[in-house]
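Enquirer:
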Amino acid sequence: MLLKTVFSGFGGQGVLMMGYVLAVAGMREDKHVTFLPAYGAEVRGGTANCTVVVSDKEIASPVASSPEFVVAMNYPSMVKYRNMVKTGGSMFLNSDLISETPQRNDVRIVLVPANTLAHEMGNDRSLNMIMLGAVVEVTGLVSAESLGEAVETVLEGKKQGLIDMNRQGLQRGARFISTGK
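Residue numbers 7 to 187, in the working numbering, belong to the letters of the sequence shown in order.
(1) Spell out the partners DSSP gives residue 10 in its beta bridges.
(2) Can you tell me the Cα-Cα spacing of residue 5 and residue 37, whole angstroms?
(3) Can you tell me where the beta strand (DSSP E) with residue 40 in it begins and where it stops?
(4) Answer yes or no: do residue 14 and residue 78 have a C-beta to C-beta separation smaller than 8 Å?
(5) Take residue 108 and list the residues in its own chain whose beta-carbon comes closer than 6 Å to its own, dropping the five residues that flank it on each side.
(6) Compute the Euclidean distance between the alpha carbons of residue 148 and residue 98, then round it to the nearest angstrom.
(7) By DSSP, does residue 90 sit in helix, in strand, or in coil?
(8) For residue 5 and residue 86, which I take to be in contact (beta-carbon distance under 8 Å), what is that distance rounded to the nearest angstrom?
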């Protein structure tokens with residue numbers, strides 16, 4: 007198993023944190039992992055993306071020229087990555103900010119209203135963890151338990167309320183996928 011995921015969106019949407027939490031969760035499961043972040047000069051509001059590769063064997067390159075999974079948190083990200091997803095892969099779209107879907111029949115399109123779900127939870131900043139919870143529910147890249155533990159590791163030293171909010175976001179995203187609401 008060698009699975010490549012690209013997370014992309016505006017700076018401030020928590021794109022890099024999504025990738026980092028996934029990478030830490032993979033390490034907790036003793037998988038080989040790479041995390042390659044990239045962002046523009048103006049972090050909040052500029053573009054941000056990262057690539058995470060999770061494998062059961064050593065990883066030769068962290069670059070994902072044809073990822074199995076793409077997470078697009080905004081329209082420009084969807085446009086940039088829509089043709090890069092490997093045939094048979096999945097594209098996760100924040101349907102609150104992306105009204106048009108890629109015209110591809112060879113990939114699975116998963117629409118997640120991350121902004122709406124975060125607003126319903128009472129914390130608009132949880133949209134990244136909602137999306138990550140949805141991604142992991144569909145892909146099975148790591149277990150939900152490892153993902154929750156990774157949030158605690160990444161946010162170590164922060165207020166417990168922030169950790170709890172992020173864990174609830176993961177659960178909300180997974181529940182959206184499993185129930186459709």
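Note that CB positions come from ideal geometry on N, CA and C, so glycine has one too. Since this is a predicted model, take the numbers as computed values, not measurements.
Expert: So, from the data block:
(1) Per DSSP, the beta-bridge partners of residue 10 are 59.
(2) The question about residue 5 has no answer, for the chain in this structure spans 7 to 187.
(3) The continuous beta strand (DSSP E) containing residue 40 extends over residues 38-45.
(4) A contact, by the Cβ cut-off of 8 Å.
(5) Taken in chain order, the residues that qualify are 88.
(6) Answer to the nearest angstrom: the Cα atoms are 17 Å apart.
(7) Residue state for residue 90 is assigned as coil, using DSSP reduced to three classes.
(8) Not covered by the structure: residue 5. The range shown for the chain is 7 to 187.
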